[in-house]
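For the sequence shown, our numbering begins at 1 and goes up steadily by one.
The C-beta atom is built at its ideal place from N, Cα and C for all residues, glycine as well.
Structure record follows, encoded as structure tokens.
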Amino acid sequence: MGRLWRVAKWVLATLAVLIVALVVFVEVRGRRRFEVAMPAIRASADPAVIARGEFLVQGPAHCSGCHAASLAAFRAMRPGGALVPQGGVQWDLPFGHFRSANLTADRATGLGAWTDGEIARAVRHGVGRDGHLLPFMALSVGRFSDADLTAIVSYLRTLAPVTNPLPPESPNVLGHALIAFALGPTHQDAPLAAVEPGPTAAYGAYLTEVAVCVGCHSPTDASFRTVEPRFSGGDPEPTDDDPSLEYAPPNLTRGGVLSTFNEDGFIARMRAGRRFADSHMAWENFARMSDDDLRAIWRYLQTVPVSHRVTGPIRRTRGWKP
Ligand code: HEC
Ligand code: HEC
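Laid out in structure tokens, this is it:
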């Protein structure tokens, strides 16, 4: 008995040391800085470029929805409307506390003191001014051509400064573990090529990257990267208002929800706004797209390989199984 106890003590002591070492490792690695080059983007004062940036930020790239002053402000947005992206929407998650940032030109609390390259790097790669990961940005922002990234930075530069000091984000040990092991800077491969806007499948394909339709409506791997079959339906997302429920982004191929629409019906649906108050899909922003933009998306989705993956009801009990 005495010997067994001695062995057990050693095993427990070793385990305790390993756990402490793991926590320390996670806390250090979860705060690491990333050396990612800044994109060679320079803001332009050309009104056409700024207008394109406004369309992207308030429309398909749905920056303004997340960067609203509060969840209430976002929810009060009309389909196709616009919001000042002054930041303040909060997410209290099992991974810690997060809040969107002030994107106006205020020097102290917004982007006024950031360089064009720093802003472009935050948007394209999810890396902050000091090299820390911006986890929400890394997870939920689409891909852009250099021309469109220029347009976005150019538009943000025109926003009148709003002084809006916000609390720092505070990921906890779980959040740091995610950053340590699963997340990292995104879109480090070649930027997407610019595509001429118009009601074409090619432009639709581009818009589904800008708007992250593909990200939310496809399965993902352990690092939240999109995997095949693309557009066959996304991972269930928790609801904000009722933790007992979840949303399932449906299958957007012709084997899924697309088969319930025709082209004009799809455009009308995208314009109509949300059915559910707390769905994460930025319906209001997306409604800013023109008929041709939505036609382009529809035409592209017609070309995506059909998947018959069944994703179940859109809104349902959390953990729902067929
Ligand atoms: C899903 C919500 C979401 C979307 C969509 C989103 N952001 Fe963010 N953004 C955040 C959050 C939250 C932060 C704070 C850092 C973090 O957690 O990523 C942030 C941080 C930033 C920062 C860094 C500012 C700072 O002070 O640290 C910039 C710049 C930025 N966002 C620009 C944009 C632009 C431009 C778009 C659209 C292309 C966009 N964001 C889309 C949620 C979002
Ligand atoms: C942030 C994640 C997210 C993004 C980005 C997103 N969706 Fe969704 N989508 C959802 C969720 C969740 C639902 C189910 C809840 C709802 O209908 O709002 C949904 C539902 C839908 C539906 C079914 C609506 C219905 O009433 O039958 C369509 C169609 C759709 N999305 C198309 C798109 C397109 C096109 C894009 C890109 C322009 C897109 N989604 C981007 C999450 C997303």
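| Check | Outcome |
| --- | --- |
| Looking only at its chain, what residues have a beta carbon closer than 7 Å to the beta carbon of glutamate 209, apart from the 5 residues adjacent to it on each side? | Gly142, Arg143 and Leu192 |
| Assuming phenylalanine 95 and leucine 178 make a contact with CB atoms under 8 Å, what is their CB distance in whole Å? | 6 Å |
| Decide yes or no for the touch test of the region 154-163 against the region 203-220: beta carbon pairs closer than 8 Å, at least 3 of them. | no |
| For glycine 88 versus serine 64, is the C-beta spacing smaller than 7 Å? | no |
| Between phenylalanine 74 and ligand 1, is the CB less than 6 Å from at least one heavy atom? | no |
| Rounding to the nearest angstrom, what Cα-Cα distance links threonine 163 and leucine 103 in this structure? | 10 Å |
| Considering only the beta carbon of each residue, do threonine 311 and asparagine 251 sit closer than 7 Å? | yes |
| According to the Cβ coordinates, are histidine 132 and valine 36 closer than 7 Å? | no |
| Label arginine 33 either buried or exposed according to how many other C-beta atoms from any shown protein chain fall within 10 Å of its C-beta, with 16 as the threshold for buried. | exposed |
| Is methionine 281 near ligand 2, with its Cβ less than 6 Å from a heavy atom? | yes |
| Given the structure, does cysteine 63 come close to ligand 1, in the sense that its CB is under 6 Å from one of the ligand's heavy atoms? | yes |
| Say the cut is 6 Å; is the CB of tyrosine 203 nearer than that to a heavy atom of ligand 2? | no |
| Flag alanine 13 as yes when its Cβ comes closer than 6 Å to any non-hydrogen atom of ligand 1, and as no otherwise. | no |
| Going by the beta-carbon positions, is the gap between threonine 253 and aspartate 235 smaller than 7 Å? | no |
| Can we count glycine 117 as close to ligand 1, meaning its CB is less than 6 Å from some heavy atom? | no |
| Contact defined as beta carbons within less than 8 Å: I believe valine 173 pairs with valine 23. What is the distance between those atoms, to the nearest angstrom? | 6 Å |
| Could you tell me if phenylalanine 231 is buried or exposed, where buried requires 16 or more neighbouring beta carbons within 10 angstroms of its beta carbon? | buried |
| Take the Cβ of histidine 62 as the centre, count every other Cβ of all protein chains shown within 10 Å, and call the residue buried at 16 or more, exposed below. | buried |
| Mind reading off the beta-carbon distance from methionine 270 to leucine 301? Whole number of angstroms is fine, and I expect it under 8 Å. | Incorrect: roughly 11 Å between the Cβ atoms, too far for contact. |
| Three or more C-beta pairs closer than 8 Å, one from the region 43-60 and one from the region 280-299: is that the case here? | yes |
| If you measure between the beta carbons of threonine 150 and isoleucine 41, is that distance less than 7 Å? | yes |
| For ligand 1, any of its heavy atoms closer than 6 Å to the Cβ of phenylalanine 95? | no |
| What is the C-beta distance between methionine 137 and glutamate 284, in whole angstroms, given that I count them as a contact (C-beta under 8 Å)? | So it is not a contact: roughly 20 Å between Cβ atoms. |
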